[in-house]
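Residue numbers (our numbering), protein chains in the order written: chain A, 19 to 191; chain B, 19 to 191.
Even glycine gets a Cβ: it sits at the ideal position worked out from N, Cα and C.
Number of protein chains: 2
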Amino acid sequence: MHFNLTHATDSLSRTPGILRSLLGNLPNEWTSGNEGDQSWSPFDVLGHLIHGELTDWIPRIKLIVESGESKTFEPFDRFAQFEASKGKSMEELLATFEEVRSNSIDALHKMNITEEDLKIRGKHPELGAVTLEELIATWVVHDLDHLAQISRTMAKQYKEAVGPWQAYLSILK
Amino acid sequence: MHFNLTHATDSLSRTPGILRSLLGNLPNEWTSGNEGDQSWSPFDVLGHLIHGELTDWIPRIKLIVESGESKTFEPFDRFAQFEASKGKSMEELLATFEEVRSNSIDALHKMNITEEDLKIRGKHPELGAVTLEELIATWVVHDLDHLAQISRTMAKQYKEAVGPWQAYLSILK
């Protein structure tokens with residue numbers, strides 16, 4: 019499917035509402051359970067999404083538009099949420115994500131990105147040259163990736179409860 | 019996590035709203051694309067969920083409560099949606115799913131299922147003895163499984179658009 023900025027922005031603006039519908043007012047044990055080992059709970063994922071809004075997506079978009087390939091993106095801290103979310107509730111994280119994502123969408127609109135702009139290249143610290151279009155498409159896919167992860171992690175909390183149906187439910191494997 | 023009927027019912031009642039937020043008014047190419055081969059598009063999944071409400075979940079719950087292990091569940095047709103959804107729009111399927119899920123939740127409430135009832139056993143055509151609790155837990159996990167599938171399938175439509183980031187996005191593999 020060809021990238022479309024309007025559809026991508028629309029999809030990004032939906033994520034906070036989807037996550038609130040999925041996770042709001044659920045019992046803590048459902049949102050704090052992970053998939054074992056060092057995997058993330060839905061609570062951890064929310065913190066990660068918030069950190070991305072604050073330090074990753076819009077800052078990188080601005081850097082591409084303003085500096086092209088002359089400045090390399092700051093590496094993204096994938097573990098910042100473990101400190102940043104300490105002592106917070108899921109309801110606080112959902113509200114914060116709504117706010118920071120809304121700010122990101124506003125910032126994106128104000129930049130009036132054109133079809134031409136989407137071809138501008140920036141410099142990723144590991145991947146090298148990437149375009150603005152690839153960055154925004156990645157933002158959308160990153161949301162969907164974590165939505166799938168949250169669904170899967172929630173499902174796994176009922177792994178024992180489903181009994182023999184475990185054999186039929188591919189998400190539990 | 020221990021099964022809890024109130025939380026399970028709450029989770030089931032949220033799914034139509036989540037799917038509307040995710041899929042409502044999206045361009046057709048995003049909701050009709052699949053993962054290749056015989057995999058399902060989000061449109062196919064919606065039809066499958068509707069068919070489950072009409073023929074699977076509540077009918078099986080009623081059969082367990084009324085007949086225990088004396089009657090075997092009807093096998094579920096996993097391909098009925100390809101005929102049933104023909105000529106319909108995603109908006110129609112979303113509205114139908116809202117309606118049939120709402121009817122299912124009403125039916126569930128009216129049955130006044132107790133903790134004792136959850137232990138009643140029914141007979142699955144392939145899995146053999148299963149409890150009412152396992153059936154309802156499976157319903158919840160089945161929703162989450164298909165939500166993850168829809169997210170993953172949507173993400174894959176941007177597989178080319180993300181460029182070199184493909185290497186970092188586990189959902190695209």
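Using 8 angstroms for Cβ pairs, my map puts B:Leu-30 next to B:Val-158. What's the rounded Cβ distance? 6 angstroms
From A:Asn-121, A:Thr-132, A:Gly-54, pick the residue whose C-alpha is nearest to that of A:Trp-75; which is it? A:Asn-121
At a Cβ threshold of 8 angstroms, is B:Asp-135 touching chain A? no
Minimum Cβ-Cβ distance from B:Arg-170 to chain D less than 8 angstroms: Within the model displayed, chain D is absent; protein chains A and B are what it includes.
Only counting the same chain, and skipping five residues up and downstream in sequence, which positions put a Cβ closer than 7 angstroms to that of B:Ile-36? Leu-165
Please tell me whether B:Met-108 and B:Thr-171 are closer than 8 angstroms, where the distance is taken between their beta carbons. no
Output, in sequence order along the chain, the residues in the stretch 26-43 of chain A whose CB is closer than 7 angstroms to any CB in chain B. Arg-32, Gly-35, Ile-36, Ser-39, Leu-40
Could you give the distance in angstroms between the alpha-carbon of B:Phe-21 and the alpha-carbon of A:Pro-182? 15 angstroms
With distances taken Cα to Cα, identify the nearest neighbour of B:Ala-185 among A:Leu-145, A:Leu-150, A:Glu-92. A:Leu-145
How many whole angstroms separate the CB atoms of A:Ala-155 and B:Ala-98, which I take to be in contact at a CB cut-off of 8 angstroms? Their Cβ separation, rounded to whole angstroms, is 35 angstroms, which puts A:Ala-155 and B:Ala-98 out of contact at 8 angstroms.
Within a Cβ cutoff of 6 angstroms, which residues of the same chain sit near A:Thr-33, ignoring the five residues on either side of it in sequence? Asp-161
Which listed residue (B:Gln-167, B:Glu-87, B:Leu-187) has its alpha carbon closest to that of B:Ser-57: B:Gln-167
For A:Thr-132, which of helix, strand or coil comes out of DSSP? coil
Could you please give me the residues that DSSP links to B:His-66 through a beta bridge? In DSSP, B:His-66 forms no bridge with anything.
Let me check understanding here. Comparing Cα to Cα, which of B:Ile-123, B:Asp-62, B:Tyr-176 lies closest to B:Asp-28? B:Ile-123
Round the Cβ separation of A:Leu-23 and A:Leu-153 to the nearest angstrom and send it over; I've been treating them as touching at under 8 angstroms. Actually they do not touch by this definition, with Cβ atoms about 12 angstroms apart.
Show which residues of chain B have a CB atom less than 9 angstroms away from the CB atom of A:Leu-145. Gly-181, Pro-182, Trp-183, Ala-185, Tyr-186
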